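Residue numbers (full-length UniProt numbering), protein chains in the order written: chain G, 1 to 75; chain Y, 1 to 141.
Virtual Cβ for every residue (Gly too), placed ideally from N, Cα, C.
As the structure is a prediction and not an experimental result, all values here were calculated from the model.
Heads up, the thing below is written out as structure tokens.
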Amino acid sequence: MGKGQARIDNTIRTLRFNAGEMTQAALAEKVGVTRQTIVAMEQGRYSPSLEVAFRVARAFGVPLEQVFQYRGEGE
Amino acid sequence: MSFKEWEAVVNIIAAIVIGAWVIFEALTNPPATVAAVAGRLLWAILYVVLFNIAAMIVMSILVSIARREEFKDEKADERDKAVGMKGMRNAYLVASIAGVASLFTLAFGADPAEAAYVLFGGLMLAGVVDAGSRLVYYRIG
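This is the structure in structure tokens:
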């Protein structure tokens, strides 16, 4: 959540697909957030806290950087 | 829309409906004393609370029927809390301006009843700004 375009990309949609088309609701349950927050993250409208980011990565059993990628200024 | 977005919509409708009632009563049936004005405004605040509760129940039932599944609030997560805090920050700004405006109203020698209306209107506006901000932040992130 911040001003302008989010500079953090994520692969949550792909990871959900690879996890047997895990539903947003199921991921939200695992991570401990609402489904709307998962939707907002997938659409790049919300950048989660570090703790939630780690929980998302753990839900898929992958390293954090496989889920979230930081785009620097002007990239 | 999520439950919390619907809640914000209901908050805005409540503020508009009760605010319109207060304005209508002030114009057509103005109270004689400052105490009476303050009393009416306190009742209006109670009506806002009751309207919100009733409207949320009705809204939950109607959306549940439309979606054919129980429509209920979820436990707030970090995004809900961040959105809530931003809304409150905006509302605080408006409420602060309303407080100063009501003092200015008194300082310029206006009827204290008018200052009460200014304060009440500002607080209602702050509520609308809070709910409106939440709607915007939920939409744009």
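Check	Outcome
Short Cβ contact (8 angstroms threshold) for ALA59(G) with LYS30(G)	yes
Cβ neighbour criterion (16 or more within 10 Å) applied to GLY2(G)	Bear in mind that a pLDDT of 48 at GLY2(G), under 50, signals an unreliable position, so the number given afterwards is only what the model happens to contain. By the 10 Å Cβ count, GLY2(G) comes out exposed.
7 angstroms CB neighbourhood of VAL52(G) in its chain, flanking five on each side removed	VAL31 and VAL33
ALA91(Y) and SER102(Y) closer than 8 angstroms at C-beta	no
Other residues of its chain near ALA8(Y): CB distance less than 6 angstroms, five sequence neighbours each side excluded	ALA131, ARG134 and LEU135
For PHE108(Y), three-class secondary structure by DSSP	coil
Chain-ordered residues of the region 64-83 of chain Y with a beta carbon less than 9 angstroms from chain G	GLU74, LYS75, ALA76, ASP77, GLU78, ARG79, ASP80, ALA82 and VAL83
For ALA20(Y) and TYR117(Y), believed in contact at Cβ under 8 angstroms, the rounded distance	Not a contact, Cβ separation roughly 14 angstroms.
One or two residues paired with PHE68(G) in a DSSP bridge	ASN10(G)
Local Cβ density within 10 Å of MET1(Y), reported as buried at 16 or more and exposed below that	exposed
Supposed close pair TYR70(G), ARG7(G) - CB separation, criterion 8 angstroms	7 angstroms
Three or more C-beta pairs below 8 angstroms linking the region 60-70 of chain Y and the region 78-98 of chain Y	no
Cβ-Cβ distance between VAL37(Y) and ALA113(Y) below 8 angstroms	yes
Rounded straight-line distance, which links the Cα of GLY141(Y) to that of LEU50(G)	17 angstroms
Residue nearest to ILE53(Y) in terms of C-alpha spacing, selected from ILE13(Y), THR28(Y), LEU41(Y) and VAL22(Y)	ILE13(Y)
Under 7 angstroms from the C-beta of ARG58(G): neighbouring residues of chain Y	Near ARG58(G) there are no residues of chain Y at all, since even the closest Cβ is about 16 angstroms away, more than 7 angstroms.
MET41(G) beta carbon less than 8 angstroms from that of ASN18(G)	no
Proximal residues to LEU25(G) (C-beta, below 6 angstroms), its chain only, five neighbours per side dropped	The displayed chain sequence assigns Ala, not Leu, to residue 25(G). Correct list, in chain order: ARG35.
Whole-number beta carbon distance between MET22(G) and ARG16(G), since they are thought to touch under 8 angstroms	5 angstroms
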